[in-house]
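Our numbering numbers the first residue of the sequence shown as 6 and each following residue consecutively.
Beta carbons: idealized from backbone N, C-alpha and C, even for Gly.
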Amino acid sequence: MEDINSKFDNTYKDNVWILKIDNSEPNRALAVNNSSIKPVLENAMSTETTENIILEKEVSEKSANKDKLVKRADEYFNKMWYAEAAKLYEMALNKSQDNYGYQVLQKAGDAHYFNTNMEQAYKWYNILYENYSDEMSADNIFKYAHSLKGTGNYARSKKLMRLYNKRLKASSELASAFNQQREIELDNILNTEKKFDIKNLKINSENSEFSPMFFGEDVVFASAIDSSVFNTRRYKWNNQPYLDLYVSKLNEESQELKNAVKFSKKVNTKYHEASVAFSPDNETMYFTRNNYGKKLKRDKKGINHLKIYRSKKVDGEWLEATEVSFNSDAYSTGHPAISSDGKKMYFVSDMPGSLGETDIFVVDINEDGSFSKPRNLGPEINTEQKEMFPFINNKKFYFSSDGHIGLGGLDVFEASFDAEKGFTEVQNLGKPINSNKDDFSYIEDEETQKGYFASNRDGGKGDDDIYSFKRLILEEIPENKNAIAGVVTELITGDLMPKAMVELLDENNIKLKEVETAEDGSFIFEDLDSNTRYTLRTTGGDTYFEDERETATEDNTTVNVEVKLRKLQEIITVENGIRKLKTEMIHFNFDKSYIRPDAANELDKLVEVMNEYPDMVIKVESHTDSRGSAVYNKYLSGKRAESTRDYIISKGIAPERIQSATGYGEERLLNGCDGSVACTEQNHYLNRRSEFIIVEM
Numbered sequence: 006m007e008d009i010n011s012k013f014d015n016t017y018k019d020n021v022w023i024l025k026i027d028n029s030e031p032n033r034a035l036a037v038n039n040s041s042i043k044p045v046l047e048n049a050m051s052t053e054t055t056e057n058i059i060l061e062k063e064v065s066e067k068s069a070n071k072d073k074l075v076k077r078a079d080e081y082f083n084k085m086w087y088a089e090a091a092k093l094y095e096m097a098l099n100k101s102q103d104n105y106g107y108q109v110l111q112k113a114g115d116a117h118y119f120n121t122n123m124e125q126a127y128k129w130y131n132i133l134y135e136n137y138s139d140e141m142s143a144d145n146i147f148k149y150a151h152s153l154k155g156t157g158n159y160a161r162s163k164k165l166m167r168l169y170n171k172r173l174k175a176s177s178e179l180a181s182a183f184n185q186q187r188e189i190e191l192d193n194i195l196n197t198e199k200k201f202d203i204k205n206l207k208i209n210s211e212n213s214e215f216s217p218m219f220f221g222e223d224v225v226f227a228s229a230i231d232s233s234v235f236n237t238r239r240y241k242w243n244n245q246p247y248l249d250l251y252v253s254k255l256n257e258e259s260q261e262l263k264n265a266v267k268f269s270k271k272v273n274t275k276y277h278e279a280s281v282a283f284s285p286d287n288e289t290m291y292f293t294r295n296n297y298g299k300k301l302k303r304d305k306k307g308i309n310h311l312k313i314y315r316s317k318k319v320d321g322e323w324l325e326a327t328e329v330s331f332n333s334d335a336y337s338t339g340h341p342a343i344s345s346d347g348k349k350m351y352f353v354s355d356m357p358g359s360l361g362e363t364d365i366f367v368v369d370i371n372e373d374g375s376f377s378k379p380r381n382l383g384p385e386i387n388t389e390q391k392e393m394f395p396f397i398n399n400k401k402f403y404f405s406s407d408g409h410i411g412l413g414g415l416d417v418f419e420a421s422f423d424a425e426k427g428f429t430e431v432q433n434l435g436k437p438i439n440s441n442k443d444d445f446s447y448i449e450d451e452e453t454q455k456g457y458f459a460s461n462r463d464g465g466k467g468d469d470d471i472y473s474f475k476r477l478i479l480e481e482i483p484e485n486k487n488a489i490a491g492v493v494t495e496l497i498t499g500d501l502m503p504k505a506m507v508e509l510l511d512e513n514n515i516k517l518k519e520v521e522t523a524e525d526g527s528f529i530f531e532d533l534d535s536n537t538r539y540t541l542r543t544t545g546g547d548t549y550f551e552d553e554r555e556t557a558t559e560d561n562t563t564v565n566v567e568v569k570l571r572k573l574q575e576i577i578t579v580e581n582g583i584r585k586l587k588t589e590m591i592h593f594n595f596d597k598s599y600i601r602p603d604a605a606n607e608l609d610k611l612v613e614v615m616n617e618y619p620d621m622v623i624k625v626e627s628h629t630d631s632r633g634s635a636v637y638n639k640y641l642s643g644k645r646a647e648s649t650r651d652y653i654i655s656k657g658i659a660p661e662r663i664q665s666a667t668g669y670g671e672e673r674l675l676n677g678c679d680g681s682v683a684c685t686e687q688n689h690y691l692n693r694r695s696e697f698i699i700v701e702m
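As structure tokens, then:
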């Protein structure tokens with residue numbers, strides 16, 4: 006991974022994290038460089054190049070006198086083709102010591118540094134330091150110190166960090182205290198008891214595999230596996246194939262990933278896709294991709310940024326991915342992580358307001374799928390350097406950083422999370438999770454305390470490899486006493502109701518659990534999140550109405566609820582197989598269609614029932630007596646149906662819950678008053694009515 010921590014006069018100069026692609030040679034296969042392909046996810050924050058840093062050194066390296074190898078290396082370097090640049094600088098420096106000028110030595114070190122080849126970076130930075138120590142900038146010193154740490158030379162690295170602080174012109178007293186504290190913390194990390202057992206996975210290739218993510222019984226990860234038999238497109242940064250997402254079966258016992266295949270064609274493109282996250286129901290995915298439409302898009306400075314995309318699964322197939330709303334063509338977003346309740350997304354960006362090179366931000370995911378305004382996680386998590394690859398479970402927040410005190414490169418850190426206090430107690434996970442190289446994209450199953458991470462440490466099979474881990478010292482999981490309990494009874498009689506079905510739903514109406522009530526009508530849901538809203542949906546079979554109610558957990562407390570089910574027979578009558586609401590008839594005056602006060606009282610009862618059962622849908626059927634013509638009576642009954650429907654809607658019932666309002670004229674008389682016999686006014690009155698048919702419950 007391009008482990009780049011660069012500050013110069015408080016301005017970040019290095020190309021870190023945002024993907025830049027130069028297509029000035031459209032007919033040439035793109036080639037990308039490095040040992041670690043994470044450059045995709047950390048490629049560049051400025052268009053300034055290293056050769057702009059110290060102009061005075063160019064006096065001794067006038068372009069007219071430059072070696073041809075150096076000129077070509079500079080061209081590659083400026084295009085950020087660091088793998089090719091590093092080879093040419095090596096050739097030039099080995100060819101002649103005349104090339105041992107400040108600029109060439111610095112760029113030779115930088116080219117290797119950006120590809121996380123710390124041994125070679127150290128070699129050239131060391132020669133640079135021996136010859137030009139007084140002229141070296143804070144930026145140069147910082148990289149030199151990190152390359153020393155990357156080779157395991159912590160003592161020498163500490164001395165260089167002290168020099169780095171002096172070059173920043175910090176207060177000598179504050180800098181000394183700061184350095185002493187960092188050295189103490191580093192010693193503590195190095196001497197920490199081993200807490201993990203790790204294993205390099207068989208699925209790793211000679212290229213890069215990283216960013217694993219749980220996906221049901223599978224794991225999805227990013228890989229630059231070269232599976233093509235044709236001329237493969239390559240990314241110039243590290244000369245590897247472009248990244249795609251792969252999915253693999255997870256062996257729970259061995260933790261090996263097997264039978265990897267490419268993820269959906271609707272997701273993978275000819276450019277980079279990586280760092281995926283899924284919603285709790287695995288029906289929505291978020292991932293990082295180049296800013297890419299029909300072709301790569303660049304900002305005014307020619308930078309191709311990264312963006313987060315979202316895809317939904319419909320009928321078992323992933324749809325074409327779309328951008329999230331907080332993306333921008335002016336900065337990068339990436340590395341999404343979804344909270345366990347699906348309500349928040351954590352992500353990485355260099356957007357305005359960032360504290361360092363890349364910061365971790367959070368947005369709320371609203372019920373309609375929209376997002377809140379991004380919020381920076383603040384200095385408890387973010388530093389002046391890089392924070393990347395977030396992952397969160399119920400209680401812990403994991404991320405990688407080269408700004409917090411670590412062993413070299415990116416290290417994995419753990420922070421406790423509290424809804425009220427926020428993030429606290431940021432801790433380095435120590436060895437063997439962390440090494441003197443880049444360690445990142447850590448995920449953990451909270452229940453099994455097993456998981457995966459990626460690293461480009463020595464001894465791997467490729468550039469970035471995926472490692473499995475299991476905790477040797479299991480963390481104590483605090484006892485969860487959050488519960489919702491209750492008893493289901495019959496509304497009128499108060500009888501206990503065994504074998505009623507109770508479902509627990511989250512705020513997105515997703516079913517989390519279901520239980521059947523015991524003989525005493527009781528039920529309980531345990532191990533719930535604190536201070537969280539849930540919905541209880543209770544059914545008692547076909548003879549009872551469904552009950553749905555909201556409740557919320559408290560901290561380490563059992564919340565008790567009472568559920569009372571109402572029998573269908575109390576408000577429903579069945580006539581000839583048709584379910585009707587058991588209300589008094591809604592009657593009308595002769596030749597009139599307005600709602601009388603007594604009818605309004607009955608309709609109010611109907612509205613109350615419909616409010617109690619929000620899924621109920623009805624039909625309105627209105628009638629007349631037999632007096633008048635059949636054509637006129639049809640018209641009059643239609644007016645009565647309309648006025649009945651309009652009254653119900655005026656009381657707050659949604660129009661779509663009334664499937665139809667139909668007039669039947671004199672077609673459905675309740676008695677024999679069809680005009681062929683003499684009838685009293687009361688008999689005719691009974692036929693002037695509206696009735697209510699239940700369509701859905």
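Label Tyr-130 either buried or exposed according to how many other C-beta atoms from any shown protein chain fall within 10 Å of its C-beta, with 16 as the threshold for buried.
Buried, because 16 or more other Cβ atoms sit within 10 Å of the Cβ of Tyr-130.
Can the beta-carbon of Glu-325 be found less than 7 Å from the beta-carbon of Lys-271?
In this structure, Glu-325 places its C-beta atom within 7 Å of the C-beta atom of Lys-271.
What runs of the beta strand (DSSP E), each 3 residues or longer, lie entirely inside the stretch 481-506?
Whole beta strand (DSSP E) segments, 3+ residues: 488-495.
In whole angstroms, give me the CA-to-CA distance for Leu-110 and Leu-133.
Linking Leu-110 to Leu-133 through their CA atoms gives a straight-line distance of about 6 Å.
Are there 16 or more other CB atoms within 10 angstroms of the CB of Pro-660, so buried, or fewer, so exposed?
By the neighbour-count rule (16 or more Cβ atoms within 10 Å), Pro-660 is not buried but exposed.
Contained beta strand (DSSP E) runs [length at least 3] in the stretch 547-578, N- to C-terminal order
Here the runs fully enclosed are 552-557 and 563-570.
Suppose only complete runs of 3+ residues qualify. What are the beta strand (DSSP E) ranges in the stretch 261-286, listed by chain order?
Qualifying beta strand (DSSP E) stretches, in chain order: 262-267 and 278-283.
Locate the alpha helix (DSSP H) running through His-117, then write down its first and last residues.
Unbroken alpha helix (DSSP H) run through His-117: 107-118.
By DSSP, does Leu-98 sit in helix, in strand, or in coil?
In the structure shown, the three-state DSSP call for Leu-98 is helix.
Could you compute how far the alpha carbon of Phe-530 sits from the alpha carbon of Glu-512?
Just so you know, the alpha carbons of Phe-530 and Glu-512 end up roughly 16 Å apart.
Measure the Cβ-Cβ separation of Lys-348 and Ile-313 and say whether it is below 7 Å.
No, the pair does not count as a contact, with Cβ atoms beyond the cut-off.
Cβ neighbours of Glu-701 in the same chain (closer than 6 Å, five flanking residues each side left out):
Around Glu-701, the same chain offers Val-622 as residues with beta carbons nearer than 6 Å, after the five sequence neighbours per side are excluded.
Using the three-state DSSP reduction, which class does Glu-249 fall into: helix, strand or coil?
According to the sequence provided, residue 249 is Asp. The question's Glu does not apply to it. Reduced to three states, the DSSP call for Asp-249 is strand.
DSSP-derived helix/strand/coil call for Asp-525
Reduced to three states, the DSSP call for Asp-525 is coil.
Bridge partners of Val-520, per DSSP?
Answer is Val-507, bridged to Val-520.
Do you know offhand how far Ala-490's Cα is from Asn-287's?
Answer to the nearest angstrom: the Cα atoms are 28 Å apart.
Is the stretch 315-325 in contact with the stretch 247-265, if contact means three or more CB pairs nearer than 8 Å?
Segments in contact, no.
Quick one: Cα of Val-75 to Cα of Lys-100, how far?
Between Val-75 and Lys-100, the C-alpha separation is close to 11 Å.
Cβ contact (3+ pairs, closer than 8 Å) linking the stretch 429-439 and the stretch 152-164:
Result no; under three Cβ-Cβ pairs closer than 8 Å.
Once DSSP output is grouped into helix, strand and coil, what is the label at Glu-339?
Sequence inspection shows Gly at residue 339; the Glu mentioned does not correspond to that position. Strand.
Can you tell me where the alpha helix (DSSP H) holding Met-123 begins and where it ends?
Per DSSP, Met-123 belongs to the alpha helix (DSSP H) from 123-137.
Per DSSP, cross-strand counterpart(s) of Phe-376
Beta-bridge partners assigned by DSSP to Phe-376: Ile-370.
Taking Glu-524 as the reference, which of Arg-542, Glu-362 and Met-502 has the closest Cα?
Ranking Arg-542, Glu-362 and Met-502 by Cα distance to Glu-524 puts Met-502 first.
Is it the case that the stretch 385-403 contacts the stretch 414-430, given that we only count it when at least three CB pairs across the two stretches are under 8 Å?
Flag = yes, the stretch 414-430 and the stretch 385-403 touch.
Which value, in whole angstroms, describes the spacing of the CA atoms of Phe-331 and Ile-583?
Looking at the two C-alpha atoms, the distance is approximately 52 Å.
Does the pairing of the stretch 674-687 with the stretch 633-644 give three or more beta-carbon distances under 8 Å?
They do not touch, by the three-pair rule.
Could you tell me the alpha carbon to alpha carbon distance between Asn-3 and Ile-343, rounded to whole angstroms?
Residue 3 is absent from the structure shown; the chain starts at 6 and stops at 702.
Residues of its chain near Ser-228, where Cβ-Cβ distance is below 6 Å and the 5 sequence neighbours each way are ignored:
Excluding positions up to five away in sequence, the list reads Glu-214 and Tyr-251.
Going by C-alpha to C-alpha distance, which of Ser-695, His-689 and Leu-691 sits closest to Ser-598?
Checking every option, the nearest Cα to that of Ser-598 belongs to Ser-695.
Taking DSSP's pairing of strands, which residues face Glu-198 in a bridge?
Answer is none; Glu-198 lacks a bridge partner.
At least three beta-carbon pairs within less than 8 Å, the stretch 380-394 to the stretch 442-457
Touching, yes, given that three or more Cβ pairs across the two stretches are closer than 8 Å.
Alpha carbon to alpha carbon, how far is Phe-366 from Glu-222?
Spanning the two alpha carbons is a distance of roughly 29 Å.
Residues that DSSP places opposite Met-290 in a beta bridge:
Note: Met-290 sits in a beta bridge opposite Phe-283 and Ser-316.
Which of helix, strand or coil does DSSP assign to Arg-476?
Arg-476 carries a strand assignment under DSSP once its states are collapsed to helix, strand and coil.
Starting from Arg-650 and walking both ways along the alpha helix (DSSP H), at which residues does that stretch end?
For Arg-650, the uninterrupted alpha helix (DSSP H) run begins and ends at 635-655, by DSSP.
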